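Residue numbers (our numbering): 511 to 760.
Don't be surprised by glycine CBs; every beta carbon is placed ideally from N, CA and C.
Nothing here was measured: the structure is a model prediction, and the numbers come from that model.
One structure is given below, encoded as structure tokens.
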Amino acid sequence: VISQSSLGVGMNIFKSKKKSIDLEESLSDEWRKSSELVEVPLGDRPIIYLGAVILFVSIVVAGRIFYLGVSKSNAYVQRAQANLNRIEPVRAPRGIISDRNSKVLADNLPVFSAFLKVNEFLRRHDFEKETLDAISGILGISPDDVWAAVENTDLENSDGQVILNSDLTQEEIVKLKGLNLPTIVINDSFKRRYADGDIFSSVIGYTGFVTSADLKNNSKLTGEDAIGTAGAELFYDNELRGKSGTIIQK
511 VISQSSLGVG
521 MNIFKSKKKS
531 IDLEESLSDE
541 WRKSSELVEV
551 PLGDRPIIYL
561 GAVILFVSIV
571 VAGRIFYLGV
581 SKSNAYVQRA
591 QANLNRIEPV
601 RAPRGIISDR
611 NSKVLADNLP
621 VFSAFLKVNE
631 FLRRHDFEKE
641 TLDAISGILG
651 ISPDDVWAAV
661 ENTDLENSDG
671 QVILNSDLTQ
681 EEIVKLKGLN
691 LPTIVINDSF
701 KRRYADGDIF
711 SSVIGYTGFV
721 TSADLKNNSK
731 LTGEDAIGTA
741 GAELFYDNEL
751 RGKSGTIIQK
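Dropping the structure here:
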């Protein structure tokens, strides 16, 4: 025998379950509709664009690695050696020019030359004023001329030195060495001497220190080298200039 009250309770439970099932079905339908709206095919175009970007970046990175690893490898090796060792260049004296009777027409005289170490000058601000005062007072070069020479120096293709004086007097050497400035270096050098003076200058020619253009055209040159600029000095420059060496102190 089922009472009316228990029958009513059973009907209520059935209705509540039916409502919950209807709610889940409605939510499921809504989620299905939402998922159908989200699932839109993108096609191949975005993948093509992404591949093009990755390819471009790869080419740029590979080109940079090739440039630094191959084209600039010698420069970086030299910098690494300079950091580990003390390297002192030894300039080769320029060759002697003589006539067919072995009469010397051009030879060398040993001299001392002063150079400004541009890297040290730009890095050591505490020596800037003292350096400019020394160059102006001892060598007679104005600060404006010094700054102009520094600005025209190609630090990438040169050894970072600017010639200040190619033939120092004994008094100038003593004064500069007495200051002991890290921005100025005095090196042994050679001065060209012509036996007959200017008589055969149109044939023999003359020499001069390298320019920025010379350093770019010939990576073997340094800021301290003298090259032929006319006549036989220019025509036989490669033979006369010789090959400089280095002293490495570890």
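Where residue i and residue j are concerned, what is the direct C-alpha to C-alpha distance, given to the nearest angstrom?
| i | j | result |
| --- | --- | --- |
| Arg-610 | Leu-674 | 37 Å |
| Arg-601 | Gly-752 | 9 Å |
| Arg-604 | Val-621 | 13 Å |
| Asp-698 | Asn-727 | 25 Å |
| Ala-624 | Leu-615 | 27 Å |
| Asn-662 | Asp-554 | 54 Å |
| Glu-640 | Ile-569 | 49 Å |
| Val-684 | Arg-633 | 25 Å |
| Thr-679 | Gly-579 | 45 Å |
Would DSSP call residue i helix, strand or coil?
| i | result |
| --- | --- |
| Ala-705 | coil |
| Val-571 | helix |
| Thr-756 | strand |
| Gly-647 | helix |
| Ala-736 | strand |
| Val-720 | coil |
| Leu-547 | Its pLDDT being 49, under 50, Leu-547 is placed unreliably by the model, and nothing is read from it. |
| Gly-688 | helix |
Nearer than 7 Å: is that true of the beta carbon of residue i relative to any heavy atom of the ligand ADP?
| i | result |
| --- | --- |
| Thr-756 | For the ligand ADP, the structure offers nothing, since it holds no ligand at all. |
Under 8 Å by Cβ, that's how I've got residue i and residue j pegged, so tell me the actual separation to the nearest angstrom.
| i | j | result |
| --- | --- | --- |
| Val-628 | Gly-670 | 5 Å |
| Phe-637 | Leu-686 | Phe-637 to Leu-686, Cβ: 13 Å. No contact. |
| Ala-736 | Gly-755 | Not confirmed; about 16 Å, so no contact. |
| Ala-659 | Ile-694 | In fact, because the Cβ distance is near 13 Å, the residues do not count as touching under 8 Å. |
Determine which residues share a DSSP beta bridge with residue i and list them.
| i | result |
| --- | --- |
| Arg-607 | As written in the sequence, residue 607 is Ile, which differs from the Arg given in the question. Paired residues: Ala-616. |
| Phe-622 | Asp-698 |
| Val-713 | In the DSSP output, where bridge partners are listed per residue, Val-713 has none listed. |
| Phe-745 | Its beta-bridge partners do not exist; DSSP assigns none. |
| Asn-675 | Ala-624 |
| Val-600 | Gly-755 |
Any C-beta of chain D sitting closer than 8 Å to the C-beta of residue i?
| i | result |
| --- | --- |
| Gly-752 | The structure shown contains no chain D; it is built from a single protein chain. |
request  = Could you say if the segment 705 to 717 and the segment 732 to 747 meet the contact criterion of at least three C-beta pairs nearer than 8 Å?
outcome  = Yes, they touch.
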